[in-house]
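Colleague: Chains as they are written, first to last, in this note's numbering: chain A, 142 to 243; chain B, 361 to 529; chain C, -15 to 609. Supplied in C-alpha cells, the structure appears directly below.
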C-alpha cells in the first residue's frame, strides 16, 4: 500500500539527486536544472501534505503554485545572468565564475 | 499490490531515472530532455495525489515553458563540443555523492523513523474553485506580489541579458 | 655699574644667543650685518665681564653672588636655573669674552668672502653664549646643558667646511669622542642628584664632607672626571682634538685652544670640592694630566703641520692644567688656563695669518723666511712661543712656574720632574716650528704678505696680553689672583727661586737645541731621525692610538654588532616572520573557503544542514522533530 511516507521518500530522493547535481556539475545551466529538480521535490511534499495531513482546503496546492511562480521567475533571471556572464567570460563553466570573490 | 501502487512505483521509478539522467548526462541537451521527462513524471505524481490542476500547471509551465526557456538558453551558450557540454570533476563528483548521499540518508531515516499518526485522506470536491477563492480571498496580496515578482523578473531578465550591449551603444 | 653688571650677569650669556637667533632668523642674507651683530653682542658681554672681573679684583676679597629661579620643581626632583658669580667665574668670563671678541674681529679678515660667512658668525655666537652659560651656571644640571651646547657648537664649527670629507669626519669624531666622556659625566651628575638630592654647587659642598673617602664618592668622582677628559681632550679621549684642526683656524684658536677645551679644566676646578674629598680621585687626575702633558709634547716634536703642532701643544698644556688640579694647585691651574688662553689663541691666530698669507699652506717645511714679509705676525708669534715656553717675564713663565712650584713644594717630585721635562720639550718643538717656518729658507715659493688690519690687531692685543697677563698672579702682585679665584682657601707656597731658575734654564736649553738643529744646522735632524727611526715612527703616528681605537672598534663593536645582527636576523626576525607567516597561512587556509565559487558555498550550506540533521537525529535533539 503506497502511503504518505513513500511520497516523502520519493521527494527526498529527487531532492538528493538535485543536490548532487548542484554540487557536482560544472555547467551553470545544469546547476539551474538541478535546482528545478529540488523545487519539484519540494512541491511533491507540499501536495502530499495537502493530501494526507490537512482536512479540507487546498493550502498545500496554493503554496505549490507560489513555488512554481517563484521558480519561473528564478529560471528567467538565472538564465539571463548566465547569458550575461557568458558574453564576458565566453564560458558557462562554474569554475570560471568567481565574481563573488572580494 | 494494487494497480494504483503499481502506477506509483512506475512513475516514481521513471521520475528518479529521469532525474538521475539530468545530473549524470555529459551532454547538456540530453540533460534538458531528461528534465522534461522528470517534470512529466512529477506531474503524474500530482495527479495521483488528487491535484489535477497542479499537474496540468506543472505540465504547462515546467514541461512547456521553462523547459523551452532552458533549451533556448542552452542553444545560446553552448560550446564547441556538445558531448562535453556538461562536465564534472572527480573531486566535485565525490563531494556531490557524499553530500547528497548523506543528506538523502539522513532525511530518509527521519522520514522512516517518524511515527506518522493522524493521517487523513483529504478528498476535495472542487479543488480549482477552492484555489481560486483562496487566491482572490485570503491570499490576494501574495497573489498580487507574485504577479509583480513575475513582471519584475521578466523585465530584469531582459535588462540583464541585453544590458552589456545597451552600454556599448 | 659693578653692581648692575653682577645683577644682570645673565645678559652676558644671553646676548650672544640673541645674536645667534637674530642672525639665524633675519640677517643671514647680509653677511656683514650678521658679523657686526655678533661682534656687538660679544663686545657688550666683554664689557660687562670686564666690569665684573675688575670690580672683583679691586674689591680684594672673595665675592660670591648667587641667584636662581626654579626650573624643574616636582616632588623628589628640584633643579634650579641660576647664576653663580665668584672669582673663578669672573676670570673665565673675561678670558672667554676677550678671546671670543678678538677671534670674531680676526675672522672678519680670515673668513672674508667665505660663502658661509653669516652662519659662521651665528655658530660663533652660539658657541660663545653656551660657553658663557656654562661658566655662569650654579649647578651641574645647567652646566651639563651648556656643556652639550658647547659640544654642538664645536661640531658645527669643526665641520664648518663640510664640503671636505676630512672636516666631516673630524666633526663626527669630535662629537662622538665627546659623547663617550659626556656619558660618564651624565652618570656622575645623576649619581649626585640621587644621593644628595641637589645639583647646586653650594648645596653639594655642604654635604659632600660626610661622604669623604667613601668608595661611592670615588666612583662619582671618576664618572664626573670622564666629562673633562673628553672635553679637555685628556688621554685617552684626546684623539679628537688634533683632527678638529680641520675647522677654520680662528675656530681652532677659540674653541680648541682657548676656551672650549678649558671648559673641562674649569669643571674640574668648579667640582674640586668633590674631587678633593677623595685622594684617589685626585691622584688619577694628576696622573692623567701629567701623562697627557708628556705624551702630547713628544708627539708635537715630529709633526709637520703647523696647526697640528699647536694642537698637540694644546693637549700638552691642558695636561699641565689638569695635573695642577690633581696636585691641589687649583689656582695655578686656572692661572695657567688664563695665560694659556691668551698666548695659545695668539699662536693659533698667528698660524692662521700665515696660512691665510700662504694660501692654505700648512706644512712648516714649505714655509720659511716669513720674518721679512710678515713682521707683525712673526714677532707676535715669537712672543706667543716665548710665553708658551715659559721665558720670564712673559705670562707663561709665571703660570707654569706656579704649577711646577705646586708639584715641587707639594711633594710630587715625580710630577715636578715630568713637568720640567715637558717644559723643555715644549720650548724645543715651539722653536723648531719658529725656526723652520719663520726664519728658515723659503721653500714654498708663495710670496707672503701681511694680512689685513682686522687680523693683525687681535694679534697685537693678544701679544700684549701674553706679556702682561702673568703679572696678576705673580709674586709681584702678591698673589692677588689666587685669592680672587679661590673660594675654598688658597694654598700658598713661598716662591722658590730654584724652581724659577730651573724652569727658565730648561726652556732656554730647549730653544738653544732647536736653534742648533734647525737654524744653525750644527746637528743634523735627519741623522737623529735615522738613529731613532722606530721612535720617530711611533711619535709621528701618534703612538698609533687612532689605529688602536679603530682596531678596538673593529673587534668589539663590529663583533658585538655581528652577534646582535645574527640575533636580529634569525631570532627576532624569525619570530616576527613566523608570526607573519602564521597569520598568512591561516589567511591562505581560510581563503580556500572564500574562493568565489558558488558551488563551494552551496556545499558549506548543505554541510551545515547535514550536521544539524545529524545532530537532531543522533545527538539527542530528536525532540525538535
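We put the CB at the ideal spot given by N, CA and C, even for glycine.
Could you please give me the residues that DSSP links to residue 160/A through a beta bridge?
Modeller: Taking the first residue of the first chain as position 1, residue 160/A is located at position 19. Partner(s): none; residue 160/A has no beta bridge.
Colleague: Given this structure, state the Cα-to-Cα distance separating residue 230/A from residue 365/B, to the nearest angstrom.
Modeller: Here residue 230/A corresponds to residue number 89 of the first chain, with the count starting at 1. Here residue 365/B corresponds to residue number 5 of the second chain, with the count starting at 1. Distance between the alpha carbons of residue 230/A and residue 365/B: 49 Å.
Colleague: Would you mind sorting residue 138/C into buried or exposed? The rule is 16 or more other CB atoms within 10 Å of its CB.
Modeller: Translated into positions along the third chain, residue 138/C becomes position 154. That one is buried.
Colleague: For a contact defined as C-beta to C-beta under 8 Å, what are the partners of residue 238/A on chain B?
Modeller: Here residue 238/A corresponds to residue number 97 of the first chain, with the count starting at 1. What residue 238/A touches in chain B: nothing, since even the nearest Cβ is about 12 Å away.
Colleague: Cα-Cα, which of 12/C, 36/C and 236/C is closest to residue 154/C?
Modeller: Translated into the one-based positions of the third chain, residue 154/C becomes position 170. If we check each option's Cα against that of residue 154/C, 236/C comes out closest.
Colleague: According to DSSP, residue 54/C sits in a beta bridge with which residue or residues?
Modeller: As a working mapping, residue 54/C is identified with position 70 in the third chain. Paired residues: 64/C.
Colleague: What is the rounded straight-line gap between the Cα of residue 528/C and the Cα of residue 522/C?
Modeller: On the third chain, position 544 is the one that residue 528/C refers to. On the third chain, position 538 is the one that residue 522/C refers to. Using only the alpha carbons, I get a separation of about 7 Å.
Colleague: I think residue 457/C touches residue 319/C, with their Cβ atoms under 8 Å apart; what is that distance to the nearest whole Å?
Modeller: Along the third chain, one-based indexing puts residue 457/C at 473. Along the third chain, one-based indexing puts residue 319/C at 335. Correct: roughly 4 Å between the Cβ atoms.
Colleague: Mind checking whether residue 94/C and residue 22/C have CB atoms under 8 Å apart?
Modeller: Along the third chain, one-based indexing puts residue 94/C at 110. Along the third chain, one-based indexing puts residue 22/C at 38. No, the pair does not count as a contact, with Cβ atoms beyond the cut-off.
Colleague: By the criterion of Cβ-Cβ separation under 7 Å, what are the contact partners of residue 393/B in chain A?
Modeller: One-based indexing of the second chain puts residue 393/B at position 33. Within 7 Å Cβ-Cβ: nothing; residue 393/B doesn't reach chain A, min ~11 Å.
Colleague: For the region 59 to 143 of chain C, list the beta strand (DSSP E) runs that are entirely contained and at least 3 residues long, ordered along the chain.
Modeller: 61 to 70
Colleague: In whole angstroms, give me the CA-to-CA distance for residue 443/C and residue 343/C.
Modeller: Walking along the third chain from the start, residue 443/C turns up at place 459. Walking along the third chain from the start, residue 343/C turns up at place 359. In a straight line, the C-alpha of residue 443/C is about 19 Å away from that of residue 343/C.
Colleague: Closer than 7 Å, Cβ to any Cβ of chain B: which residues of the region 553 to 569 of chain C, in chain order?
Modeller: none
Colleague: For chain A, find out if any of its Cβ atoms is closer than 8 Å to the Cβ of residue 592/C; answer yes or no.
Modeller: Working through the third chain from its first residue, we reach residue 592/C at position 608. No, no contact with chain A.
Colleague: Whole angstroms are fine: how far does the CA of residue 83/C sit from the CA of residue 367/C?
Modeller: To locate residue 367/C, count along the third chain from 1; it is residue 383. To locate residue 83/C, count along the third chain from 1; it is residue 99. Between residue 367/C and residue 83/C, the C-alpha separation is close to 17 Å.
Colleague: Is residue 467/B close to chain C? Criterion is C-beta to C-beta, closer than 8 Å.
Modeller: To locate residue 467/B, count along the second chain from 1; it is residue 107. Cβ-Cβ to chain C under 8 Å: yes for residue 467/B.
Colleague: With 16 other CB atoms within 10 Å as the buried threshold, where does residue 472/C fall?
Modeller: To locate residue 472/C, count along the third chain from 1; it is residue 488. A caution first: residue 472/C carries a pLDDT of 49, below 50, which makes its placement in the model unreliable, though a value can still be read off. So residue 472/C ends up on the exposed side.
Colleague: Relative to chain C, which residues along the region 156 to 172 of chain A have a C-beta separation below 7 Å, given in chain order?
Modeller: 160, 163 and 164
Colleague: If contact means a Cβ-Cβ distance below 8 Å, which residues of the region 218 to 235 of chain A contact chain C?
Modeller: 235
Colleague: Closest by CA to residue 325/C, which one among 372/C, 420/C and 511/C?
Modeller: Here residue 325/C is taken as the residue at index 341 of the third chain, counted from 1. The candidate whose alpha carbon is nearest that of residue 325/C is 372/C.
Colleague: Tell me the rounded alpha-carbon separation between residue 506/C and residue 300/C.
Modeller: In the third chain, residue 506/C corresponds to position 522, counting from 1. In the third chain, residue 300/C corresponds to position 316, counting from 1. Straight-line Cα distance between these residues: approximately 28 Å.
Colleague: May I ask you to list, following chain order, the residues of the region 571 to 597 of chain C that have a beta carbon less than 8 Å from some beta carbon of chain B?
Modeller: Answer set for the region 571 to 597 of chain C: 583, 587, 590, 591, 593, 594 and 597.
Colleague: Rounded to whole angstroms, how far is the Cβ of residue 378/B from the Cβ of residue 409/B, which I believe are closer than 8 Å?
Modeller: Start at 1 with the first residue of the second chain, and residue 378/B comes out as number 18. Start at 1 with the first residue of the second chain, and residue 409/B comes out as number 49. At roughly 18 Å, the Cβ-Cβ gap does not stay under 8 Å, so residue 378/B and residue 409/B are not in contact.
Colleague: Give me the residue from 520/B, 451/B, 441/B and 394/B with the minimum Cα distance to residue 228/A.
Modeller: Walking along the first chain from the start, residue 228/A turns up at place 87. Considering only alpha carbons, the answer is 520/B.
Colleague: Should residue 43/C go down as buried or exposed, given a rule of 16 or more other Cβ atoms within 10 Å for buried?
Modeller: Within the third chain, numbered from 1, the residue matching residue 43/C stands at position 59. Residue 43/C should be labelled exposed.
Colleague: Within 10 angstroms of its Cβ, does residue 489/C collect 16 or more other Cβ (buried), or is it exposed?
Modeller: Locating residue 489/C in the third chain gives position 505, where the first residue counts as 1. Exposed is the call here.
Colleague: Where does residue 88/C land, buried or exposed, given buried means 16+ other C-beta within 10 angstroms?
Modeller: Within the third chain, the letter at position 104 stands for residue 88/C. It is buried - the Cβ of residue 88/C has at least 16 other Cβ atoms within 10 Å.
Colleague: Please confirm if the region 169 to 180 of chain A is in contact with the region 433 to 451 of chain B, defined as three or more CB-CB distances below 8 Å between the two stretches.
Modeller: yes
Colleague: What does the alpha-carbon distance come out to for the pair residue 209/A and residue 402/B?
Modeller: In the first chain, the residue the question calls residue 209/A occupies position 68. In the second chain, the residue the question calls residue 402/B occupies position 42. Cα to Cα, the separation comes out at about 13 Å.
Colleague: In whole angstroms, give me the CA-to-CA distance for residue 459/B and residue 158/A.
Modeller: Locating residue 459/B in the second chain gives position 99, counting from the first residue. Locating residue 158/A in the first chain gives position 17, counting from the first residue. Rounded to the nearest angstrom, the two C-alpha atoms are 10 Å apart.
Colleague: Alpha carbon to alpha carbon, what distance is there between residue 420/B and residue 490/B?
Modeller: Working through the second chain from its first residue, we reach residue 490/B at position 130. Working through the second chain from its first residue, we reach residue 420/B at position 60. Going from the Cα of residue 490/B to the Cα of residue 420/B covers about 20 Å.
Colleague: I'd like to know if residue 181/A contacts chain B, where contact means its C-beta is closer than 8 Å to some C-beta of that chain.
Modeller: The sequence position of residue 181/A within the first chain is 40, counting from 1. Closer than 8 Å to some Cβ of chain B, the Cβ of residue 181/A qualifies, so yes.
Colleague: CA-CA distance, residue 296/C and residue 173/C?
Modeller: Here the question's residue 296/C lines up with position 312 in the third chain. Here the question's residue 173/C lines up with position 189 in the third chain. Approximately 30 Å between the Cα atoms of the pair.
Colleague: Taking the straight line between their C-alpha atoms, what separation do you get for residue 231/C and residue 560/C?
Modeller: Translated into the one-based positions of the third chain, residue 231/C becomes position 247. Translated into the one-based positions of the third chain, residue 560/C becomes position 576. Whole-angstrom Cα-Cα distance: 46 Å.
Colleague: Per DSSP, residue 166/A is paired with what?
Modeller: Indexing the first chain from 1 puts residue 166/A at position 25. In DSSP, residue 166/A forms a bridge with 448/B.
Colleague: Counting C-beta neighbours from all protein chains within 10 Å, is the total for residue 572/C 16 or more, i.e. buried, or is it exposed?
Modeller: What you label residue 572/C is simply residue 588 of the third chain in a count that begins at 1. Burial call: exposed.
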